[in-house]
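Student: Residues 67 to 1343 (our numbering) are what the sequence shown spells out, left to right.
The C-beta atom is built at its ideal place from N, Cα and C for all residues, glycine as well.
Everything numeric in this text was worked out from a predicted model, so none of it was measured.
Structure incoming, see below.
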Amino acid sequence: MAEAAPQHLALPSGLLELCVLLGAPRDSLRGPELVAQKRGVQHLPALDPEVLSVFAPPFVSKEDGQPAGASCGTLGKTKRRSFRKKREKPRADPGKGPSGPRETDIEDVSVPDGVDLLALPQLCFPGGLCVASEPKEDSVHFLVLTDVCGNRTYGAVAQYYRPLHDEHCFYGGGRPHGEASRLSVGAGGCFVPFAVCVISRFPYYNALRDCLSCLLTHLKLCKDFEVDNHIKDFAAKLSLIPSPPPGPLHLMFNMKPLQILFPSRADPESPVIDLDLHLPLLCFRPEKVLQILTCLLTEQRLVLFSASWALLPLVAACFLAYLHPLRWQHTLVPILPGQMLDFLMAPTAFLMGCHLRHLEEVSKEADGLVLINIDSGSVTCSGCEVPDIPLLAAQTFVQRVQSLQLHYDLDLAHLGASTDVNEGRARRWAWQQRLNGQIQQLALQLLVSIFREVKNHLNYEHRVFNSEEFLKTRAPGDQRFYKQVLDTYMFHSFLKARLSRRMDAFAQMELSTQSEEDRMNGMLLSPRRPTVEKKAPHKPSPGRAARRRMVVSMPNLQDMAGPELPPRNASLRKVEAEDCSCPSPAPDVSPKPAYTFKIPEVHFPRVRQCVQAYYADCVSLLTKAVSCVAPDNSALLARYLYLRGLMRLAQGQRLDALLDFQSLYKTDLSVFPADLVRSAVQALPGPERAQAERTPELRMLISRVLDKPGEAPKADDRVKHFELPSRHLPLGDFVQRVQESGIVKDAGLIGRLFEALTVGQQKLIDPETFREFYTCWKETEAQAQEVSLPAAVAEHLDKNECVYKLSGSVKTSRGVGKVAMTQKRLFLLTEGRPGYVEISTFRDIEEVRSTTVAFLLLRIPTLKIKSVAKKDVFEANLKAECDLWHLMVKEMWAGKALADDHKDPQYVQQALTHALLMDAVVGALQTPGAIYAASKLSYFDKMRSEMPVAVPKTTAETLKHKINPSAGETFPQAVDVLLYTPGHLDPAERAGDARPKLWCALQAGRVVVFDASSWSLHQHCVRVGSSALNCMAMVAQGQVWVGSEDSVIYIISVHSMSCNKQLTEHRASVTGFVVQDGPDAPSQVYSCSVDGAVLAWDVSSLQVTRRLQLPSGGLSSIQLHAGCLWCCTWGSIVAVNSSVRQELRIDETFQEPSTTFVAFQLLPEQEQLWAACAGYDDLYVWGLKDLARPPGRVHLPDCAQVTCMIRVKRQVWVGGTGLSQGRSRGKIYVIDAERRTVEKELVAHADAVRTLCSAEDRYVLSGSGPEEGKIAIWTVE
């Protein structure tokens, strides 16, 4: 079979896509108009500008002297369109002179998609092109160009003037050495404007402005015929500069006389920020800024106006940066020339910019436009209603903006003057970066404040957003804002990201500002009700009532600031905290460590040898930088590797480049260019491809990037809105609809609800029944929101208690009032003067009965509750509500008893959900059999009465707590691996992140992280592949290594809670780790895989330092002792070091050949090896000094299977399954290692114990299988 030809390799674009020189047409400057101007006519009509020259990469020829269009390895060779441009050249006829007849030359110019050269002249001269009688100052403005697919490119335009010497001489033509005909400026008196436009894929506003400023200093000094060459050299230099990868590394280039800095993006999801984000805050009051942000969030038709063309795109870019990670998806034309004003008639949302002279004209014709005057700081809504942003978020934003220091001279007035221009620029840039960070943070906090509670109305499994319920939870004054926002494309994309659980800037900010109560609620998943603490600030007060009225009635947000103030700050001093009515300072953003790589100079950027020397210099400098990177600074190392790989590809050193990308793959996946590496591999010639296949590291990289296991299913990114059903629902559809509604997610519980709603009927739920049930549930939820407890009552309750059910007004043995139920207690809310009367906590209830009492000739249903804490029995004449309250109270009583027995607070939350579902079922059915139907949900009460399972005394005394890592999932998930990491305070961490953590590996590559100081949820999910996880280890303070079934070792950063590193040297499932501690930090890690491979890793370099291959497979775990590595396989336990190998074979010890080792543990103090075998209910103990001697035995009573084993102090804890009270349960055996006796049998879980881990030898944590999916925390004696 013939070998496929290598493909052409297209490298990523450099900073420059295109450079264009524009000016007046040659013929227009030779006519009578020009002569008239020379004779004193002052005003001439504007000329039509045109493209004079186009400069596009590649600029380097294969051989010196060849045309610069030849194929070569130049950055920026991407797919482009062809542009055929006619250029006039003087005919080479010495007799005709410079003004003789001209011939036409046609050349092809490569133009990137999205750049319209026909429209470009108008955008580069938006105010028209006019010849001036005196020189004018140079000016710069910016462009944003969008192609048909919505991709944006960015332009920087520098306008400058050159003198015109006579009516027959024009730049680019004339004599090659035209000194004799050159006239003085005074003699000519005409200055012609030209524009240089640089097009880039990246919004480097400040950097490109500075580059063009450097170019203009050269153009003003050069001769006419040298201009093209100067611009071409300038463009060639920019095309050689790569775009910096996302992260902490910026690039610097010497453009002479300035050092130009190209900042990198903060992360792959963030945009490049190379502009002054405080510009809008200098132009507008904070209230006006909020009004403009509201217009963007509601996708209005916005038009910016200014007398400065440069301000229009800069202010527009700032506002769009404020919205990150939300993205403006509509038309963006920040500069609209006068000839294009008809664009403003577009019916869809847009953001455009016009010169201030068009404001009156546009305002007369405008209908439905938002007119924003940058120069005066005013916002006018013409024929459109713009709602107000939520008040609390607005007030906080305004206060934080007022605390910002927006003036560089004031902030750094104490510093001496810089005598070096580049040093002064660097100081100004550092100040701007700090201010930009503060502004980004407060803008992000604004978005989080507005949209934080969206997550409470999402169903991730079915990708449903319940917009109606979300709107019901909004304040009346905020309803109009949210109704408009919820219908926008921007919000729809935001929902997609939330339903995909994307950890973008919004998610990270939301997580970092989450309260402890919200973290706990995320674990318990109780029905949403306001807690006592949250309702306390809502106590009615005159001030708050006035503010609430203001929200409803306020027509314009800016009115809340009182009388109109000047748009710019009248005082330049910094607003101190005491000046604010409610101090809310701007976030103190400590800048992240940033580094700068100085790109070497290239002196002749269009000569191949010079360009190759430039690439060689880059590689040399990057190699030196790589060698100097600190071992723990993997983020910086990854950026150096990326750049060096890119430069080596440009050099043509493909194999060296692939080795860099292989190192990058292990160091930081977030910047790994998978598509580029795939293209580089496919472009390898045959001999190089064969050589790469022979190199182990490259062979693995090639298999990774080219591996196509099948067409990957497209990720579901739909967003559905919850709708009530219109047809009958069988059980499966009913489960999905209830989950989508957000009422409850547990499929088993929904199955019981289905039985309750279909008692005595066909097993289908009709639409009317579902609608009634849903309405009853939501009405109960709304009633709970409206419950207002007096302060005298609230002080008797815990701050996290919520009132979930309130009866009607009834007569009781302790007065007249309403019976109230929280998750902890029952109490009477007395009438008249509202008061609190304790009935009982659920823990203290001794008996609950439903009976009747005689009243005249009637028998009134009565609920009787006997409490341990009170002698008298509480009676309440609940009448028609009595049977329902009887069911609810008994279920809560049973749930509390189970929670106390099993140390699992989730039983209370589940019982509470059962009770509220009973209430909704009774309200929906309204039939005599409704109470019987609701009794189908008395799950814990029946469990307690019909199948009582007493928790053994030893278990109850040892068990401390239980947590559920599957909270919020539709089914429980098995806990495959547990890892406890102690707390520490690293300089890179926040104080809150220094707490101890519990890492829990669930199915399909999910890792859930708990705060081990409070057992609250710290991180909902860290994704590490999609396969089962087998082992975890803490390596150094900042890394957790995770071994996966897919043969990959994933490295999670403890600081960012993300996985951007992978080690791929294993060829089979990774099953175990051993961390070898050095003097100060772990220096070496051993990993093993099921195929018998053991690899030793250097922690700092992530390189394999040693390989070991066991002859037998089935390697399940490894341990280190006395310089030997002990390896447990299915058939043997092997001890290996450099010179000695011991082996304990299972077939020499046991008669049954089918058995295997399932777990082992070394006890160094006792010089013992403990092991468990499949099918045996004994542990076997060998002495390490003589493995040939027969082992001792430790019998495990009622043990069916052993799955895991750990050593804690002088004990061995063994997890598995066994019999307890005649049932198969998860069991833990605690064995005294010295006496070899079972001290405790702990009935741990309803399913097998899958994993055990120790927490500082104070606690042992156990994880169970998929039937239960919980984690138990045990005390160690």
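1. Does the segment 959 to 977 come close enough to the segment 821 to 833 that 3 or more CB-CB pairs lie under 8 angstroms?
2. Taking 8 angstroms as the cut-off, does the segment 305 to 319 touch the segment 284 to 297 (at least 3 CB pairs, one atom from each stretch)?
3. Out of curiosity, what's the CA-to-CA distance linking TRP495 and GLY221?
4. What's the gap between the Cα of PRO666 and the Cα of SER79?
5. Work out the CA separation of LEU282 and LEU230 for me, nearest whole Å.
6. Whose C-alpha, out of GLU861, HIS862, LEU863 and LEU892, is nearest the C-alpha of LYS871?
7. Run through DSSP, which three-state label would ARG1291 get?
8. Report the option in GLY1288, VAL264, LYS937 and GLY898 whose CA atom is closest to the CA atom of GLU912.
9. Pick out whichever of SER933, VAL934, ILE926 and GLY961 has its Cα sitting closest to the Cα of ALA946.
10. On the criterion of 16 or more Cβ atoms from any shown chain inside 10 Å, does ASP544 qualify as buried, or is it exposed?
11. With DSSP run on the structure shown, which of helix, strand or coil describes ILE455?
12. Where do the ends of the beta strand (DSSP E) carrying VAL1326 lie?
13. Buried or exposed: TYR555, going by 16 or more other Cβ atoms within 10 Å of its Cβ?
14. Roughly how many angstroms lie between the CA atoms of LEU472 and HIS344, to the nearest whole one?
15. Suppose you measure from the CA of GLN1069 to the CA of GLN1185; what does that come to, to the nearest Å?
16. Evaluate the contact criterion for the segment 381 to 390 versus the segment 447 to 459: three or more CB pairs, one atom per stretch, below 8 angstroms.
17. Taking 7 angstroms as the cut-off, decide whether the C-beta atoms of GLY1281 and LEU1318 are in contact.
18. Just how far apart, CA to CA, sit TRP1364 and MET569?
19. Rounded to the nearest angstrom, what separates LEU991 and PHE560 at their Cα positions?
20. Alpha carbon to alpha carbon, how far is PRO1177 from LEU1253?
21. For THR918, which residues of its own chain have a beta-carbon under 8 angstroms away from its beta-carbon, when the five flanking residues on both sides are left out?
22. Here's the rule I'm using: 16 or more other beta-carbon atoms within 10 Å means buried, otherwise exposed. How should ASN1096 be labelled?
23. Over what stretch of residues does the alpha helix (DSSP H) that includes PHE820 continue unbroken?
24. Using only CA atoms, which one of GLY1158, GLY1288 and THR1269 lies nearest to TRP1279?
25. Please say whether ARG710 and LEU688 have beta carbons closer to each other than 7 angstroms?
26. Look at the alpha carbon of LEU77 and the alpha carbon of LEU715, and state the distance between them as a whole number of angstroms.
27. If you follow the beta strand (DSSP E) that TYR227 is part of, which residue opens it and which one closes it?
28. For ARG755, is the classification buried or exposed, using 16 other Cβ atoms within 10 angstroms of its Cβ as the cut-off for buried?
29. If you drop the 5 nearest sequence neighbours on each side, which residues of the same chain put their C-beta closer than 6 angstroms to that of SER792?
30. Go ahead and label LEU481 buried or exposed: buried means 16 or more other beta carbons lie within 10 angstroms of its beta carbon, across all protein chains shown.
31. In chain order, what residues of the same chain lie with their CB nearer than 6 angstroms to the CB of SER1286, ignoring the 5 residues before and after it?
32. Report the rounded CA-to-CA distance for GLY1189 versus ALA1022, giving the unit in angstroms.
33. Per the DSSP calculation, CYS1265 is bridged to which residue(s)?
34. May I ask you to report which of helix, strand or coil DSSP gives TYR998?
35. Look at the alpha carbon of ARG423 and the alpha carbon of GLY194, and state the distance between them as a whole number of angstroms.
36. Only counting the same chain, and skipping five residues up and downstream in sequence, which positions put a Cβ closer than 6 angstroms to that of ALA1126?
Tutor: Reading it off the structure:
1. Fewer than three Cβ pairs drawn from the segment 821 to 833 and the segment 959 to 977 lie within less than 8 angstroms of each other, which leaves the two stretches out of contact.
2. In short, these stretches do not touch, since the Cβ pair count stays below three.
3. As a first step, residue 495 is located in the sequence shown; it is residue number 429 there, counting from the start. As a first step, residue 221 is located in the sequence shown; it is residue number 155 there, counting from the start. Cα-Cα distance, rounded: 22 angstroms.
4. As a first step, residue 666 must be located in the sequence shown, where it is residue number 600. As a first step, residue 79 must be located in the sequence shown, where it is residue number 13. As the crow flies, the alpha-carbon of PRO666 is around 19 angstroms from that of SER79.
5. Here residue 230 corresponds to residue number 164 of the sequence shown, with the count starting at 1. Here residue 282 corresponds to residue number 216 of the sequence shown, with the count starting at 1. Rounded to the nearest angstrom, the two C-alpha atoms are 17 angstroms apart.
6. Locating residue 871 in the sequence shown gives position 805, counting from the first residue. Answer by Cα proximity: LEU892.
7. Along the sequence shown, read from residue 1 onward, the residue named residue 1291 stands at position 1225. When secondary structure is reduced to three states using DSSP, ARG1291 falls in the strand class.
8. Against the sequence shown, residue 912 aligns to sequence position 846. Looking at the Cα atoms, LYS937 is the closest of the given residues.
9. Within the sequence shown, residue 946 is the residue found at index 880, counting from 1. Looking from the CA of ALA946, the closest CA among SER933, VAL934, ILE926 and GLY961 belongs to ILE926.
10. On the sequence shown, position 478 is the one that residue 544 refers to. Around the beta carbon of ASP544, 16 or more other beta carbons lie within 10 angstroms, which makes this residue buried.
11. As a working note, residue 455 is residue 389 in the sequence shown. Residue state, collapsed to three classes: coil.
12. Stepping through the sequence shown from its first residue, residue 1326 is reached at position 1260. Residues 1325 to 1330.
13. Counted from its first residue, the sequence shown places residue 555 at position 489. Per the 10 Å Cβ criterion, exposed.
14. What you label residue 472 is simply residue 406 of the sequence shown in a count that begins at 1. What you label residue 344 is simply residue 278 of the sequence shown in a count that begins at 1. When only Cα atoms are considered, LEU472 and HIS344 end up about 7 angstroms apart.
15. Taking the sequence shown and counting its residues from 1, one reaches residue 1069 at position 1003. Taking the sequence shown and counting its residues from 1, one reaches residue 1185 at position 1119. When the Cα atoms are used, GLN1069 and GLN1185 turn out to be separated by approximately 25 angstroms.
16. At 8 angstroms Cβ cutoff, the stretches do not touch.
17. Taking the first residue of the sequence shown as position 1, residue 1281 is located at position 1215. Taking the first residue of the sequence shown as position 1, residue 1318 is located at position 1252. Yes, Cβ-Cβ distance for GLY1281 and LEU1318 is below 7 angstroms.
18. Because the chain here runs from 67 to 1343, residue 1364 falls outside it and cannot be looked at.
19. Taking the sequence shown and counting its residues from 1, one reaches residue 991 at position 925. Taking the sequence shown and counting its residues from 1, one reaches residue 560 at position 494. Cα to Cα, the separation comes out at about 39 angstroms.
20. Within the sequence shown, the letter at position 1111 stands for residue 1177. Within the sequence shown, the letter at position 1187 stands for residue 1253. Rounded to whole angstroms, PRO1177 to LEU1253 spans 20 angstroms at the Cα level.
21. As a working note, residue 918 is residue 852 in the sequence shown. Cβ neighbours of THR918 beyond the five flanking positions: ARG925, ILE926, PRO927 and THR928.
22. In the sequence shown, residue 1096 corresponds to position 1030, counting from 1. Sixteen is the threshold: when 16 or more other Cβ atoms of the shown chains lie within 10 Å of the Cβ of ASN1096, as they do, the residue is buried.
23. Within the sequence shown, numbered from 1, the residue matching residue 820 stands at position 754. From DSSP, the alpha helix (DSSP H) with PHE820 extends over 813 to 823.
24. Position 1213 of the sequence shown, counted from the first residue, corresponds to residue 1279. Of GLY1158, GLY1288 and THR1269, the residue nearest in Cα terms is THR1269.
25. As a working note, residue 688 is residue 622 in the sequence shown. As a working note, residue 710 is residue 644 in the sequence shown. In this structure, ARG710 lies closer than 7 angstroms to LEU688 by Cβ.
26. Residue mapping note: residue 77 aligns to position 11 of the sequence shown, counting from 1. Residue mapping note: residue 715 aligns to position 649 of the sequence shown, counting from 1. Rounded to whole angstroms, LEU77 to LEU715 spans 8 angstroms at the Cα level.
27. Your numbering for residue 227 matches position 161 in the sequence shown. Unbroken beta strand (DSSP E) run through TYR227: 218 to 229.
28. On the sequence shown, position 689 is the one that residue 755 refers to. With 16 or more other Cβ atoms within 10 Å, it is buried.
29. Here the question's residue 792 lines up with position 726 in the sequence shown. Taken in chain order, the residues that qualify are PRO833.
30. Counting from one through the sequence shown, the residue named residue 481 turns up at place 415. By the neighbour-count definition (other C-beta atoms within 10 Å, threshold 16), LEU481 is an exposed residue.
31. For the purposes of this step, residue 1286 is taken as the residue at position 1220 of the sequence shown. Correct list, in chain order: VAL1309.
32. Position 1123 of the sequence shown, counted from the start, is the residue given in the question as residue 1189. Position 956 of the sequence shown, counted from the start, is the residue given in the question as residue 1022. Rounded to whole angstroms, GLY1189 to ALA1022 spans 41 angstroms at the Cα level.
33. In the sequence shown, counting from the first residue as 1, residue 1265 sits at position 1199. DSSP lists GLY1284 as the bridge partner or partners of CYS1265.
34. For this step, residue 998 is matched to residue 932 along the sequence shown. Helix.
35. Position 357 of the sequence shown, counted from the first residue, corresponds to residue 423. Position 128 of the sequence shown, counted from the first residue, corresponds to residue 194. If you take the alpha carbons of ARG423 and GLY194, they lie about 13 angstroms apart.
36. Numbered from 1 along the sequence shown, position 1060 holds the residue referred to as residue 1126. Correcting the residue identity first, residue 1126 is Asn in this sequence and not Ala. Excluding sequence neighbours, ASN1126 sits near ASP734, LEU735 and SER736.
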